[in-house]
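In the numbering used here, the protein residues as written are 20 to 310.
Even glycine gets a Cβ: it sits at the ideal position worked out from N, Cα and C.
Predicted model, so just to flag it, every value in this text is computed and none were measured.
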């Protein structure tokens, strides 16, 4: 579930209602530490009334069950549970990133000390996809006005970022005091919520990256061709960077004559207040975002 569905977000800023012609406002009920707690808890409906400790125990147990029994039952193949667990940890460390089979293989060391074979990693990844533990975020395919070339590699996410925290044994306090990893987890939280919220209008979520190094964390695209772009920043200090990336995407990369102007550009944060920049870009705390 999204934070809006669980009641953790006020939902006062509607994703479907965002527009370059309107402004946003609101105050998030979630402080920085609260957002870390929500990340560790996860969005499982069955855990709505559970304590954070109970949710953490459940998530860690679920990671064990995935590797020990669920993958085997879903695929009919007895995969090495130890290596499945190491792969889950490797994906958790690379959360929200573009990874290769080779890099994942280098991150997985067997009991005897040898690295995994990339072909084995591919098989194990497919198994984790079969049980919906791993979910790829595809690259956006769009007409460009420049000579830039799109990158097509997907970004890797887990079904819920809480699984990443559980796989690595990361609790609320540790996550809150590790802003680098919290940034990865928070990006995955935002992608999870955007997918849920956009699905109300049959929208799909992608990411953008080209050969010049320009990246935009999320592109929300609807069946009627309407689209918007979202950058994710944990704190306020990187909002200007996010604004530059979004404006570059709109003004220098996307062929607006063919694709149309974006319905909205937004920076989703873990900060307190929602507001609109002079450029028309909305700054939206995840704690106020709804469908």
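Open item on the list: Relative to the C-alpha of residue 245, which candidate in 37, 56, 23 and 22 has its C-alpha closest?
Closed with: Working through the chain shown from its first residue, we reach residue 245 at position 226. The shortest Cα separation from residue 245 among 37, 56, 23 and 22 belongs to 37.
Task: Spatial neighbours of residue 49 in its chain, beta-carbon cut-off 6 angstroms, leaving aside the 5 residues before and after - done: As a position in the chain shown, residue 49 is number 30, starting the count at 1. Cβ neighbours of residue 49 beyond the five flanking positions: 306.
Open item on the list: Taking the straight line between their C-alpha atoms, what separation do you get for residue 188 and residue 111?
Closed with: Within the chain shown, residue 188 is the residue found at index 169, counting from 1. Within the chain shown, residue 111 is the residue found at index 92, counting from 1. For residue 188 and residue 111, the gap between their C-alpha atoms comes out near 11 angstroms.
TODO: Give the DSSP-derived three-state secondary structure of residue 138 in the structure shown.
DONE: Taking the chain shown and counting its residues from 1, the one referred to as residue 138 is at position 119. Residue 138 falls in the helix class under three-state DSSP.
- [ ] Please say whether residue 116 and residue 198 have beta carbons closer to each other than 9 angstroms?
- [x] What you label residue 198 is simply residue 179 of the chain shown in a count that begins at 1. What you label residue 116 is simply residue 97 of the chain shown in a count that begins at 1. No. Outside cutoff.
Task: Beta-ladder partner(s) of residue 301, from DSSP - done: What you label residue 301 is simply residue 282 of the chain shown in a count that begins at 1. In the DSSP assignment, the residues bridged to residue 301 are 285 and 295.
TODO: Determine the DSSP secondary structure at residue 101, reduced to helix, strand or coil.
DONE: The residue you call residue 101 lines up with position 82 of the chain shown. Residue 101: helix per DSSP, three-state reduction.
TODO: Spatial neighbours of residue 14 within its chain, please: CB distance less than 6 angstroms, with the 5 preceding and 5 following residues excluded, ordered by chain position.
DONE: Lying outside 20 to 310, the shown extent of the chain, residue 14 is not represented and no answer is given.
TODO: Report, in whole angstroms, the separation of the C-beta atoms of residue 237 and residue 310, which I expect to be a contact under 8 angstroms.
DONE: Working through the chain shown from its first residue, we reach residue 237 at position 218. Working through the chain shown from its first residue, we reach residue 310 at position 291. Contact annotation, residue 237 with residue 310: C-beta distance approximately 15 angstroms; criterion of less than 8 angstroms not satisfied.
Open item on the list: I'd like to know whether the C-beta atoms of residue 300 and residue 284 end up nearer to each other than 9 angstroms.
Closed with: Counting from one through the chain shown, the residue named residue 300 turns up at place 281. Counting from one through the chain shown, the residue named residue 284 turns up at place 265. At a Cβ-Cβ threshold of 9 angstroms, residue 300 and residue 284 count as neighbours.
- [ ] Can you tell me the Cβ-Cβ gap for residue 134 and residue 124, rounded? I've got them flagged as a contact below 8 angstroms.
- [x] For this step, residue 134 is matched to residue 115 along the chain shown. For this step, residue 124 is matched to residue 105 along the chain shown. Right, the Cβ-Cβ distance comes to about 6 angstroms (below 8 angstroms), so this counts as a contact.
- [ ] For residue 203, count neighbouring Cβ atoms within 10 angstroms of its own Cβ and tell me buried if that reaches 16, exposed if not.
- [x] Here the question's residue 203 lines up with position 184 in the chain shown. It is buried - the Cβ of residue 203 has at least 16 other Cβ atoms within 10 Å.
TODO: Please report how far the alpha carbon of residue 41 lies from the alpha carbon of residue 196, in whole angstroms.
DONE: If you number the chain shown from 1, residue 41 lands on position 22. If you number the chain shown from 1, residue 196 lands on position 177. Each residue's alpha carbon lies about 36 angstroms from the other.
Open item on the list: So the candidates are 212, 183, 234 and 277; which of them puts its Cα closest to the Cα of residue 114?
Closed with: For the purposes of this step, residue 114 is taken as residue 95 along the chain shown, with counting starting at 1. Relative to residue 114, the option among 212, 183, 234 and 277 whose CA is nearest is 183.
Task: Euclidean distance between Cα positions of residue 100 and residue 181 - done: For the purposes of this step, residue 100 is taken as the residue at position 81 of the chain shown. For the purposes of this step, residue 181 is taken as the residue at position 162 of the chain shown. Near 20 angstroms, if we compare the C-alpha coordinates of residue 181 and residue 100.
TODO: Specify the secondary structure class of residue 318 as computed by DSSP and reduced to three states.
DONE: Only positions 20 to 310 of the chain appear in the structure, and residue 318 is not among them; the question remains open.
Open item on the list: When you compare the segment 267-285 with the segment 21-30, are there three or more beta-carbon pairs, one atom per stretch, that lie closer than 8 angstroms?
Closed with: The segment 267-285 is not in contact with the segment 21-30.
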